[in-house]
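Asks:
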Amino acid sequence: MLCLKDAASLLSNDYLENEDGHGLTKDNMYHVAASTYMPNCSSEMIDWWFGFIHTTAQYKLWHPTDHVFSDWEGPRENKSEYIGGHHLVHEYIGGDLAKLKISFKDPSEYFGPDWREAFKASGYGTAVCARVGIWDDETGAVTYTGHIIHLIKNEPNACRMRSRFWIGDIEGVEQPQGDKIPESMRAGLMKHCKEEMAILASKLPELYAKHRRQANAARM
């Protein structure tokens, strides 16, 4: 399985052996991969979505059964601005309720300072990158435990999302603990991701067009 430190190699390998799968990496993180073809979607729409989704009602559009609660800390202008923001969620993964803080990072942290040029050369439009942690919704405390990358490949009249998760990189712990990830989380995360991204693909073009029309009307 692909190690986090090798994430940039995704740009030169459009299809790896494990585009959908999960397992331990050689440095003992648990890696989950899921690929979703998204007709009539674009990287611009994906960036817009992650800057848009703040409330529980919006979050439930993404997965009506698994998504329970959503809040947001960060930019709120819905201008595709989410880097530096934090998505606070309750969601079911593998049948268990997870309370998570998803802290969005600049793609340069995973793909290097010249990531824009590298993306353009390889046909990629954007990457939604984040550090994810276990969140205590009563105290606000968070322990970061993993990483997320949703890498968006441009396709004719579509895009392809290559979702990658690395779990077990626990804040304050020297060695990764991927071998301690519960069985329910392993396959459950891949299943959840494929479901929510398929749902998103079915709703995003119409939702994006609607909000673009509203934004244009407001400027007139």
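To convert, take the position in the sequence shown, counting from 1, and add 11; that gives our numbering. Beta carbons are placed, not taken as given, at the ideal position from N, Cα and C, and that holds for glycine.
#1: So if DSSP puts N165 in a beta bridge, which residue, or which two residues, is it bridged to?
#2: Per DSSP, which one or two residues make a beta bridge with I64?
#3: Take I94 and list the residues in its own chain whose beta-carbon comes closer than 6 Å to its own, dropping the five residues that flank it on each side.
#4: Given a threshold of 16 other Cβ atoms within 10 Å of its Cβ, counted over all protein chains shown, does E207 qualify as buried or as exposed?
#5: Quick one: residues in its chain with C-beta nearer than 6 Å to the C-beta of E92, no 5 flanking neighbours on either side, listed in chain order?
#6: Please tell me whether F122 and A19 are closer than 8 Å, where the distance is taken between their beta carbons.
#7: Which one or two residues does DSSP pair with D107 in a beta bridge?
#8: According to the Cβ coordinates, are N168 and G134 closer than 8 Å?
#9: In the DSSP assignment, find the unbroken alpha helix (DSSP H) run with R87 in it and report its ends.
#10: DSSP on G189, reduced to helix/strand/coil?
#11: The alpha helix (DSSP H) spanning A129 covers which residue range?
#12: Can you give me the Cβ contacts of A198 inside the same chain, cut-off strictly under 8 Å, excluding the 5 residues immediately before and after it?
#13: Does H74 come within less than 8 Å of chain C when only Cβ atoms are used?
#14: From T47 to D147, what does the alpha carbon distance come to, in whole angstroms?
#15: I159: which of R171, R223, D180 and Q225 sits nearest, CA to CA?
#16: Exposed or buried, which one is R173 when buried takes at least 16 other CB atoms within 10 Å?
#17: What number of angstroms, rounded off, separates the C-alpha of P75 from the C-alpha of T67?
Replies: Based on what the coordinates show:
#1: By one-based count along the sequence shown, residue 165 stands at place 154. BP columns for N165 point to C170.
#2: As a working mapping, residue 64 is identified with position 53 in the sequence shown. I64 pairs with nothing; no bridge assigned.
#3: As a working note, residue 94 is residue 83 in the sequence shown. Excluding five sequence positions before and after I94, the CB atoms of its chain that fall closer than 6 Å to its own CB belong to F115 and D117, given in chain order.
#4: Taking the first residue of the sequence shown as position 1, residue 207 is located at position 196. Around the Cβ of E207, a 10 Å sphere holds 16 or more other Cβ atoms; the residue is buried.
#5: Locating residue 92 in the sequence shown gives position 81, counting from the first residue. So the qualifying residues of the chain are G62 and P86.
#6: For this step, residue 122 is matched to residue 111 along the sequence shown. For this step, residue 19 is matched to residue 8 along the sequence shown. Yes, the pair counts as a contact, with Cβ atoms nearer than the cut-off.
#7: Taking the sequence shown and counting its residues from 1, the one referred to as residue 107 is at position 96. Answer is I104.
#8: What you label residue 168 is simply residue 157 of the sequence shown in a count that begins at 1. What you label residue 134 is simply residue 123 of the sequence shown in a count that begins at 1. No, the Cβ-Cβ distance between N168 and G134 is not below 8 Å.
#9: What you label residue 87 is simply residue 76 of the sequence shown in a count that begins at 1. Element bounds for R87: n/a, residue is neither H nor E.
#10: Working through the sequence shown from its first residue, we reach residue 189 at position 178. Of the three classes helix, strand and coil, the one that applies to G189 here is helix, per DSSP.
#11: As a working mapping, residue 129 is identified with position 118 in the sequence shown. First-last of the alpha helix (DSSP H) with A129: W126 to S133.
#12: Position 187 of the sequence shown holds residue 198. Answer for A198: H33 and G105, listed in chain order.
#13: In the displayed structure, chain C is absent; only one protein chain is listed.
#14: Sequence index remark: in the sequence shown, residue 47 carries index 36 (1-based). Sequence index remark: in the sequence shown, residue 147 carries index 136 (1-based). The straight-line gap from Cα to Cα measures roughly 31 Å.
#15: Here residue 159 refers to the residue found at position 148 when the sequence shown is read from its first residue. Of R171, R223, D180 and Q225, the residue nearest in Cα terms is D180.
#16: The residue labelled residue 173 in the question sits at position 162 within the sequence shown. The residue in question, R173, is buried, as its Cβ has 16 or more Cβ neighbours within 10 Å.
#17: For the purposes of this step, residue 75 is taken as the residue at position 64 of the sequence shown. For the purposes of this step, residue 67 is taken as the residue at position 56 of the sequence shown. Those two C-alpha atoms are separated by around 10 Å.
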